[in-house]
Structure formats: C-alpha cells, structure tokens
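Single-structure report; data block below.
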Amino acid sequence: MDYTRCPACGRKRGKKLLEGFVGVYKCPKCNAIFGVCSKGESYKIVSWQWAKETPPDNELQYFDLTVLSADGKRRIHGWRDRRTGDIVQIG
Ligand SMILES: [Zn+2]
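Residue numbers (this note's numbering): 986 to 1076.
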C-alpha cells in the first residue's frame, strides 16, 4: 500500500504524524489515519473487535493500516469508533 496520499480523500500526505507514531499519519483534511505500524502499536488505534453499536457520525474515523508482525504484513482498513477503537466497518 502506497501511503503518499490519504487513502480516504486523496490529499497529499504531508508530515503530520499521529501522536506517538513514527509511521502513521493523520490527514489534515479529513482526519483519516493511515500508515504502517507494528501489531502492538495497532492496538492503540483499533481494538480489533467489532463495535457493539454504530457510533454517531462525528465519532467515526477512517483508518488504513499496514500492520507488520512476525507473520508478515496485514492491511486493515475501514471505519472505527474513535472513542473505543472498535471497528464499525471494514473496507
Ligand atoms: Zn484525507
């Protein structure tokens, strides 16, 4: 996955990193978060569990991560509840 542009809105990436990360960016236009991280880091962004209920629109956030682990790379992308990190929709 090429993360030179925001996968949600297409804006050029810029240099704004998500706080605490070295490879995950936050889009200044649409607030999406995207990039490369370890499995451990990914838990700070997604809980890897489904949301029990659909959050209000203003708590929905697009994410697109390439997660590196001992087993290789795995891409996960979709919408999360940014309060809990629970996954609302994949893709
Ligand atoms: Zn964007």
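Cβ coordinates follow ideal geometry from the N, Cα and C atoms, glycine included.
* To do: With distances taken Cα to Cα, identify the nearest neighbour of residue 987 among 1020, 1003, 1016, 1076.
  => 1020
* Beta-carbon proximity of residue 994 to residue 1008, cut-off 7 Å -> no
* Asked: Between the stretch 999 to 1006 and the stretch 1037 to 1051, do at least 3 Cβ pairs fall closer than 8 Å?
  -> No: the two stretches stay apart, fewer than three of their Cβ pairs being nearer than 8 Å.
* Asked: Any residues whose CB sits closer than 5 Å to a heavy atom of ligand 1? List them in chain order?
  -> 991, 993, 994, 996, 1012, 1014, 1015, 1017
* Between residue 1026 and residue 1039, what straight-line distance do the alpha-carbon atoms span, to the nearest angstrom? -> 24 Å
* Asked: Which residues in the same chain as residue 1088 place their Cβ atom closer than 7 Å to its Cβ, once the five residues preceding and following it in sequence are excluded?
  -> Absent from the structure is residue 1088, since the part of the chain shown begins at 986 and ends at 1076.
* Could you check the C-alpha separation between residue 1057 and residue 1014 for me, to the nearest Å? => 31 Å
* Between 1016, 1060, 990, which lies nearest to residue 1066 when the distance is taken from Cα to Cα? -> Per the C-alpha coordinates, the member of 1016, 1060, 990 positioned closest to residue 1066 is 1016.
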